[in-house]
């Protein structure tokens, strides 16, 4: 005969928050989501609205300055819903305002674009807009004392490129998107972009062809002479003769140096 085992309900050991912490929690929950979270009972609605507006305006202003094109192409309601949803649902991991846009991008991964009637290109566009901010605060100084910037011999010596750059590949031509141009479908070919911070601290943008994109990627990841990098490219693209690749590559390297992507070559160790 089986014995019936009686399950005992465990007592609730949750310790209630102290009054001031409970107040703080309700206060901040309302600021994050005033539509769905009640304000503390002893705070007048008018006064609470001031706090709510200040916090929203600060965060919205930070996001608007980083994503100006995004804000322009969305309706006011869509933009506000994105910002409100971010404030209500995302647990930010940083207190720094300059890092809020990156957190906003992470929040976008959880947003169902179709349900909110948001364009499919939005993640590509917003990442492209965020890159400018990321580069402006990136701290990766070049060691100029070890670079020969005067030489034009980019084929025989190891090339040094700026450490402050992003190589970007997108499904949409994000650099063209505006209120007047919003693609409905992915482009037939990817868009390749190079965004970098010049030594004069200017942020510059370049559209690249696939071969130049691969060339910069090689120079970014390995210590190569121009000839070594172009030989690798020629081997990867046998349909292009080595002679043509070298001619094309030499001109491309010179252009990249002129634009400030290539800083020079490594000085020989003494």
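Residue numbers (this note's numbering): 20 to 289. Quick reminder that beta carbons are idealized off the backbone N, C-alpha and C, glycines included.
Just mark residue 22 as buried or exposed, buried being the case when its beta carbon has 16 or more other beta carbons within 10 Å.
-> Taking the first residue of the chain shown as 1, we reach residue 22 at position 3. The predicted model places residue 22 with a pLDDT of 47, which falls under 50 and marks its position as unreliable, so this point remains unresolved.
Kindly indicate which three-state DSSP category residue 105 falls into: helix, strand or coil?
-> To locate residue 105, count along the chain shown from 1; it is residue 86. Here residue 105 sits in helix by DSSP.
Identify the residues that DSSP records as bridge partners of residue 284: which are they?
-> Walking along the chain shown from the start, residue 284 turns up at place 265. Paired residues: 167 and 178.
Counting only the same chain and skipping the five closest in sequence on each side, list residues whose C-beta sits under 8 Å from that of residue 153.
-> The residue given as residue 153 occupies position 134 in the chain shown. For residue 153, where only same-chain residues beyond five positions count, the Cβ hits under 8 Å are 121 and 185.
Specify the secondary structure class of residue 272 as computed by DSSP and reduced to three states.
-> Looking up residue 272 in the chain shown gives position 253. Three-state result, residue 272: helix.
Straight-line Cα distance separating residue 193 from residue 93 = Position 74 of the chain shown holds residue 93. Position 174 of the chain shown holds residue 193. Rounded to the nearest angstrom, the two C-alpha atoms are 15 Å apart.
Tell whether a beta-carbon distance below 8 Å holds between residue 70 and residue 143.
-> On the chain shown, position 51 is the one that residue 70 refers to. On the chain shown, position 124 is the one that residue 143 refers to. In terms of Cβ geometry, residue 70 and residue 143 do not form a close pair [threshold 8 Å].
Roughly how many angstroms separate the alpha carbons of residue 73 and residue 211, rounded to a whole number?
-> Within the chain shown, numbered from 1, the residue matching residue 73 stands at position 54. Within the chain shown, numbered from 1, the residue matching residue 211 stands at position 192. If I take the Cα positions, the gap works out to 39 Å.
Which of the three DSSP states, helix, strand or coil, is assigned to residue 237?
-> If you number the chain shown from 1, residue 237 lands on position 218. In this structure, residue 237 counts as helix in the three-state DSSP scheme.
Is it the case that the Cβ atoms of residue 40 and residue 59 are separated by a distance below 8 Å?
-> Along the chain shown, read from residue 1 onward, the residue named residue 40 stands at position 21. Along the chain shown, read from residue 1 onward, the residue named residue 59 stands at position 40. For residue 40 and residue 59, no; Cβs fall outside 8 Å.
Between residue 97 and the rest of its own chain, which residues show a CB-CB distance below 8 Å, the 5 nearest in sequence each way excluded?
-> Reading the chain shown from its first residue, position 78 is the one you call residue 97. Closer than 8 Å at the Cβ level, and outside the excluded window around residue 97, lie 135, 136 and 137.
Residue 189 lies in the beta strand (DSSP E); which residues open and close that run?
-> Along the chain shown, one-based indexing puts residue 189 at 170. From DSSP, the beta strand (DSSP E) with residue 189 extends over 184-189.
With a 10 Å radius around its C-beta and 16 neighbouring C-beta atoms as the bar for buried, classify residue 217 as buried or exposed.
-> In the chain shown, residue 217 corresponds to position 198, counting from 1. Exposed, because fewer than 16 other Cβ atoms sit within 10 Å of the Cβ of residue 217.
Could you spell out the range, first to last residue, of the alpha helix (DSSP H) harbouring residue 46?
-> For the purposes of this step, residue 46 is identified with residue 27 of the chain shown, where counting begins at 1. First-last of the alpha helix (DSSP H) with residue 46: 38-51.
Strand pairing of residue 225, partner residues [DSSP] | Along the chain shown, one-based indexing puts residue 225 at 206. DSSP, once it has assigned bridges, lists 213 as partnering residue 225.
In whole angstroms, what is the alpha-carbon distance linking residue 266 and residue 250?
-> Along the chain shown, read from residue 1 onward, the residue named residue 266 stands at position 247. Along the chain shown, read from residue 1 onward, the residue named residue 250 stands at position 231. Looking at the two C-alpha atoms, the distance is approximately 12 Å.
Continuous alpha helix (DSSP H) stretch holding residue 121: start and end = Here residue 121 is taken as the residue at index 102 of the chain shown, counted from 1. Run containing residue 121: 119-127, per the alpha helix (DSSP H) assignment.
Just the C-alpha distance for residue 198 and residue 78, rounded to the nearest angstrom, thanks.
-> Here the question's residue 198 lines up with position 179 in the chain shown. Here the question's residue 78 lines up with position 59 in the chain shown. Rounded to whole angstroms, residue 198 to residue 78 spans 23 Å at the Cα level.
Delimiting residues of the alpha helix (DSSP H) encompassing residue 259 = Within the chain shown, the letter at position 240 stands for residue 259. Element bounds for residue 259: n/a, residue is neither H nor E.
Leaving out five residues on either side along the sequence, give the residues of the same chain with a beta carbon under 8 Å from the beta carbon of residue 100.
-> Here the question's residue 100 lines up with position 81 in the chain shown. Excluding residues within five positions, the ones whose Cβ falls inside 8 Å are 135.
According to the Cβ coordinates, are residue 116 and residue 82 closer than 8 Å?
-> Numbered from 1 along the chain shown, position 97 holds the residue referred to as residue 116. Numbered from 1 along the chain shown, position 63 holds the residue referred to as residue 82. The answer is no: Cβ separation not under 8 Å.
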